[in-house]
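Report on the structure given below.
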Amino acid sequence: MSPAPKASRHNVANLHFLAAEHLETVGGTARVRLADGSIVKGVKAPHKLERGQKARLMVRPEAFRLRPAEGNASLTVEILDTAFFGDRRRVVARTGSGDEIDARPTSDTAEASSVDAGYGRQIFFDPTAAFLFPA
């Protein structure tokens with residue numbers, strides 16, 4: 000088997016895996032408890048997991064948002080750094096449990112003055128765009 004192409008390795012390296020505890024799965028979607036105690040429901044669960052099993056919640060950088068939308072889950076974070084790249088903004092944040100997130104929300108979800116480094120706030124994501132894997 001040959002190594003994955005560079006683009007594939009880069010995409011996987013940019014994914015975020017947050018520590019979680021599996022609570023239940025119904026119809027292929029799971030409810031989990033994150034390390035900060037928050038409950039997230041509606042996560043895709045492609046693997047069989049037992050109640051209480053340690054898991055990893057996978058979220059893509061572009062799935063994070065700076066403003067909530069209907070059905071979004073939220074994480075309380077400390078903003079460490081921000082940068083604007085024209086069509087995208089990069090926001091580096093740290094969760095209360097110490098996980099570092101490199102979010103890439105689209106520019107339509109981030110106003111130029113909406114976020115500053117050192118500012119504590121929430122960051123949001125659509126749980127139906129996240130996946131749950133065994134830890």
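Under numbering that gives the first Met the number 0, the residue at position 117 of the sequence shown is numbered 116, and the numbers go up by one with no gaps. The C-beta atom is built at its ideal place from N, Cα and C for all residues, glycine as well.
Contact under 8 Å by Cβ, residue i with residue j
i, j, result
"V91", "I122", "no"
"K53", "E20", "yes"
"R89", "D98", "no"
"A131", "A34", "Before going further, note that residue 131 is Leu rather than Ala in the sequence given. It is not a contact, given that the beta carbons lie outside the stated cut-off."
"V58", "A129", "yes"
"I78", "R50", "no"
Residue from the options whose Cα sits closest to the Cα of residue i
i, options, result
"D86", "L33, R55, P104, E99", "P104"
"A29", "K47, G36, A18", "K47"
"G36", "L17, A44, D80, P45", "L17"
"V39", "R93, L79, R120, L74", "L74"
"N13", "A62, R66, R50", "A62"
Exposure label - residue i; buried when at least 16 CB within 10 Å
i, result
"F84", "exposed"
"V25", "exposed"
"P126", "buried"
"R64", "buried"
"A72", "buried"
"A68", "exposed"
Alpha-carbon spacing of residue i relative to residue j, whole angstroms
i, j, result
"F124", "V42", "11 Å"
"T81", "R55", "26 Å"
"R32", "R93", "18 Å"
"P60", "G27", "23 Å"
"G95", "H15", "15 Å"
Proximity test, residue i beta-carbon vs the ligand COA heavy atom, cut-off 7 Å
i, result
"P67", "With respect to the ligand COA, the structure shown offers nothing to examine, as it has no ligands at all."
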